[in-house]
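Remarks on the structure that follows.
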Amino acid sequence: MGTFFTQLSIFSSCLASDHLNGRNMGRLKALLRELKHPPGQLRRKYSSCSTIYLDDSTVSQPNLKYTIKCVALAIYYHIKNRDRDGRLLLDIFDEKLHPLSKSEVPPDYEKHDPEQKHIYRFVRTLFSAAQLTAECAIVTLVYLERLLTYAEIDICPANWKRIVLGAILLASKVWDDQAVWNVDYCQILKDITVEDMNELERQFLELLQFNINVPSSVYAKYYFDLRSLAESNNLSFPLEPLSRDRACKLEAISRLCEDKYKDFRKLAKRRSASADNLTVVRWSPAIIS
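As numbered in the UniProt record's numbering, residues 1 to 289 make up the sequence shown, in order.
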């Protein structure tokens with residue numbers, strides 16, 4: 001295990017100095033394979049000093065259905081508790097200007113809050129069709145709330161679907177094991193164009209100031225917050241521990257993941273730029289099982 005974290009330190013230094021030659025890239029691929037299938041099984045620890053107790057199978061593999069339900073509920077409360085005096089509504093997220101289907105948007109579409117079950121169905125449909133993971137759902141909420149803070153906007157009936165779509169789009173590319181391209185989402189939402197998806201992605205990234213890093217501490221905070229939300233709504237999970245070693249791996253991969261998207265700053269200068277155009281080493285989710 002000591003050698004393992006020494007390797008992580010070496011590659012973190014390489015990434016920080018932009019020194020990643022062919023040899024180091026090969027070693028990085030090998031390390032990432034090791035991260036996905038680490039040698040030996042981590043032993044379960046029962047000491048309260050070395051274990052964080054979590055629900056379901058672990059923090060790395062939370063129950064997908066319950067996670068999506070909790071994320072949908074969190075989005076619902078964001079909409080319900082928004083500032084109703086009226087804050088900035090960005091055009092790129094306005095469903096009237098950029099509809100997701102050919103169905104006519106009602107004239108009073110911005111006045112009626114969606115029910116929690118409608119939000120859940122929308123998120124579940126995207127996750128099921130794109131075969132996304134529970135980790136991706138949690139990171140989706142991280143990006144969504146980060147957008148609301150950075151852009152100083154509220155999520156409301158007029159924009160919630162496109163904000164959620166943008167957050168899922170980005171989270172699935174950064175964190176999920178299987179690459180989901182913008183054109184794939186166009187197969188799910190058949191009336192939306194690739195150009196619209198690219199522009200949604202570009203503006204979402206710019207509003208995030210390209211801050212897509214999700215440290216282990218942030219991920220864990222959101223996981224616990226979602227668990228509390230589940231418990232307050234009569235949802236509960238069985239307990240399982242998360243070892244410190246796994247938390248450290250999560251932190252290390254989070255730093256590597258942020259470096260992967262540094263080139264977005266250059267791509268964003270091109271109006272139709274998309275992460276689909278990146279040629280990078282694609283690795284398994286940052287949340288190590």
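We put the beta carbon where it would ideally sit given N, CA and C, even for glycine.
Every value quoted in this text rests on a predicted model; they were computed, and no experiment measured them.
When the Cα of residue i is compared with those of the options, which residue comes out closest?
| i | options | result |
| --- | --- | --- |
| Ser172 | Tyr143, Glu115, Lys161 | Tyr143 |
| Val164 | Thr149, Glu145, Lys80 | Glu145 |
| Val71 | His112, Leu141, Ala167 | Leu141 |
| Leu200 | Tyr76, His78, Asn81, Leu90 | Leu90 |
| Trp181 | Ser101, Gln131, Pro99 | Gln131 |
| Ile75 | Gln116, Thr193, Pro107 | Gln116 |
| Glu206 | Glu95, Asp108, Gly166 | Gly166 |
| Val105 | Ser217, Arg82, Val214, Asn159 | Asn159 |
| Tyr77 | Ser103, Tyr222, Cys156, Ser128 | Cys156 |
| Leu148 | Tyr219, Ser228, Asp83, Pro215 | Asp83 |
| Leu126 | Leu169, Ser103, Pro107 | Leu169 |
| Arg202 | Asn81, Lys80, Ile92, Ile79 | Ile92 |
| Ile79 | Lys69, Lys111, Ser103, Met197 | Lys111 |
| Asn81 | Pro114, Asp108, Tyr109 | Pro114 |
| Ser103 | Asp196, Leu189, Arg227, Val214 | Leu189 |
| Gln187 | Asn234, Phe204, Ala129 | Ala129 |
Tell me the DSSP secondary structure of residue i in three-state form.
| i | result |
| --- | --- |
| Asn233 | coil |
| Glu240 | Confidence at Glu240 is low in this model, with a pLDDT of 40, below 50, so its placement is unreliable and the value that follows should be read with caution. Three-state result, Glu240: strand. |
| Asp56 | A caution first: Asp56 carries a pLDDT of 40, below 50, which makes its placement in the model unreliable, though a value can still be read off. DSSP places Asp56 in coil when its eight states are reduced to three. |
| Ile192 | coil |
| Gln209 | coil |
| Ser101 | coil |
| Arg227 | helix |
| Cys156 | coil |
| His37 | Because the pLDDT at His37 is just 43, under 50, the model does not fix this residue reliably, and the point stays unresolved. |
| Leu89 | coil |
| Tyr46 | For Tyr46, the predicted model reports a pLDDT of 34, less than 50, meaning its position is unreliable and no value from the coordinates is stated. |
| Asn21 | Because the pLDDT at Asn21 is just 45, under 50, the model does not fix this residue reliably, and the value given afterwards should be weighed accordingly. Here Asn21 sits in coil by DSSP. |
| Arg201 | The residue you asked about is not Arg; residue 201 is Glu in the sequence shown. Helix at Glu201. |
| Asp113 | coil |
| Lys96 | coil |
| Asp83 | coil |
| Ser214 | Residue 214 is actually Val in this sequence, not Ser. It is coil, neither helix nor strand. |
| Asp184 | helix |
| Pro106 | coil |
| Tyr222 | helix |
Tell me, to the nearest whole angstrom, how far the beta carbon of residue i is from that of residue j; I am working on the premise that it is less than 8 Å.
| i | j | result |
| --- | --- | --- |
| residue 304 | Thr67 | Examination of residue 304 is not possible in this model, given that the chain is present from 1 through 289 alone. |
| Ala134 | Leu64 | 4 Å |
| Ser191 | Leu100 | It should be noted that the sequence gives Asp, not Ser, for residue 191. Indeed, because the Cβ distance is near 7 Å, the residues count as touching under 8 Å. |
| Lys161 | Glu231 | Actually they do not touch by this definition, with Cβ atoms about 28 Å apart. |
| Ile212 | Val183 | Not confirmed; about 21 Å, so no contact. |
| Lys69 | Tyr150 | Contact doesn't hold; Cβ gap of about 26 Å is too wide. |
Residue range of the alpha helix (DSSP H) that residue i falls in?
| i | result |
| --- | --- |
| residue 292 | Since the first residue of the chain shown is 1 and the last is 289, residue 292 is not available in this structure. |
| Ala72 | 64 to 80 |
| His118 | 116 to 130 |
| Val174 | 160 to 175 |
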